[in-house]
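Single-structure report; data block below.
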Amino acid sequence: MLIVQKFGGTSVKDAERLRNVARIVTDVYKGGNDVVVVVSAQGDTTDDLIAKAAEINEKPSRREMDMLLASGEQISASLLAMCIQKLGIPAISLTGWQAGFLTSSAHTSARIRRVTPDRIKKELDQKKIVIVCGFQGLSRYDDITTLGRGGSDTSAVAIAAAMHADLCQIFTDVEGVYTADPRKVTNAKKLKEISYDEMLELATLGAQVLNNRSVEMAKKYNIELEVLSSYTNTPGTIVKEKVKMEKMLISGVAKDTDVARLSVTCVPDKPGMVFKLFSKLAQRNINVDVILQSVGRGDTKDIAFTVPIDKGMEAKAICEKFADNVGADVVDYDDNVAKVSIVGAGMESHAGVAAKMFEALYEKQINIRMIATSEIKVSVIINKDDADRAVLAIHEKFFPVEK
Ligand code: ADP
Ligand code: ASP
Ligand code: MG
């Protein structure tokens, strides 16, 4: 069998954890399997590198950021190779580009265009364990790129897809995907299985246990994923197309505090206004999420929406220009907000799921500022200070603790 195993930052954070990873992968290798390992940078390395850059230049070029950030994964890959070699088993580490990752040239958030795993195959043929640096690739201009935070998950899935792997395991510091972040909600339950669609929503809405692009890719190429702990030897959560429906209305609650809310008031109430504003945002690659437009009053209306916080200021500048052009009134910016969401395929066939969420918020006197829904999710925008309380209350409503 060909098995791809990805290990996140905590799982490779020091010599002891690296030895643990070496044990896991060599056991699989000794079972007669080909093993490709994808690693993240150790512990907080990526954050530390970002901080180092900020000390030098508060607006560093994205190209140089990629040059810098890619070094983190090279440390863990080479150390793991040494660790495995020490056990007497052949291993080789490869950078993203040696492993054949060609990406777009959007530095710091590049997308994988193609993986050509010739070198990986050659090394596997020589019976080596191949360790690949996650999160990185090369653009067509031969520049080093990175895939955005959490991108190593996507690297692993991309290799699994390109090589038609039999198994793709994502090892992390919790035992799988839970009904909420198990570090914040002690009663969160581990899911046996979850569908790609639900996992994609959860990941996009803030559950960082899997990167959303990795789930998107797994769905596209139908790669079954297992999310499991590198600390315990327990079965994890399977992410796949169809899951046996458990008797659950929702599969999880997620929180995202990296959002900003913008509103433009007194926009002329005539066709084309929303188009004008949102096409400008799209041109700058700013993803707009929850959108609210008020009922027209007289001859004006208000438009409010959320964007990722790191695009907040750019979006605000666009709004101000738009307001100037069309004669709208005020632009209000607020990044003291959070998005809390519930996700579940069960919603499609059950009425009252959203009401149950709103009831949980009402009981805690938490004010809802915006709402967005789709077939399998409900998101609310609330004050940031209320976010943790909201997640707990909603989780308790849907998954009451059995007394
Ligand atoms: P890695 O470094 O292994 O990629 P991450 O820190 O990116 O690990 O993701 C794992 C973390 O995701 C967990 O420690 C947990 O706190 C968080 N998390 C958030 N939501 C969930 C969830 N629904 N299920 C499991 N973990 C979650
Ligand atoms: N090291 C990168 C990050 O911290 C990529 C990853 O861990 O997946 O975001
Ligand atoms: Mg991660």
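So the number in the working numbering is just where the residue sits in the sequence shown, counting from 1, plus 311. By construction, the Cβ of each residue, glycine as well, lies at the ideal position given by its N, Cα and C atoms.
DSSP places Ile549 within a strand segment (E or B) once states are collapsed to three. Secondary structure of Glu537 (DSSP, three-state): strand. In this structure, DSSP gives Tyr542 a state outside helix and strand, which the three-state scheme calls coil. Judged by the Cβ position, Val488 qualifies as a neighbour of the ligand ADP at the 7 Å threshold, a heavy atom of the ligand being closer than this. Per the coordinates, the alpha-carbon of Lys612 lies some 10 Å from the alpha-carbon of Val585. Just measuring C-alpha positions, the residue of His418, Val642, Val441 sitting nearest Asp429 is Val441.
Your pair Glu512 and Val654 checks out as a contact, with CB atoms roughly 4 Å apart and the cut at 8 Å. Comparing C-alpha distances from Gly343 to each of Ile361, Ile314, Val691 shows the shortest one belongs to Ile314. Between the segment 543–559 and the segment 574–588, the count of Cβ pairs shorter than 8 Å is below three; the stretches do not touch. In this structure Met528 is in contact with Thr465, their Cβ atoms being roughly 6 Å apart against a cut-off of 8 Å.
Fully enclosed alpha helix (DSSP H) runs of no fewer than 4 residues occupy 429–436 of the segment 412–444, in order along the chain.
Under the three-pair Cβ rule at 8 Å, the segment 360–367 does not count as touching the segment 396–410. In this structure, DSSP gives Gly448 an extended state, which the three-state scheme calls strand. Annotation: the continuous alpha helix (DSSP H) that includes Lys587 extends over 584–594.
Burial state of Glu327 is exposed, judged by a 10 Å Cβ sphere holding fewer than 16 other Cβ atoms. Contact check for Gln447 against Glu504 fails: the beta carbons are separated by 8 Å or more. Going by DSSP, Met681 is part of the beta strand (DSSP E) stretching over 681–685. Beta-bridge annotation (DSSP): Tyr644 is paired with Leu573. The three-state secondary structure of Val691, taken from DSSP, is strand. Within the chosen limit of 7 Å, the ligand MG reaches the beta carbon of Gln519 through at least one heavy atom. DSSP, read as helix, strand or coil, puts Tyr673 in helix. Proximity of the segment 655–673 to the segment 634–647 falls short of the contact definition, fewer than three beta-carbon pairs being nearer than 8 Å. Under the DSSP assignment, Ser466 falls in the alpha helix (DSSP H) whose first and last residues are 463–473. Closer than 7 Å to some heavy atom of the ligand ASP: that does not describe the Cβ of Phe412.
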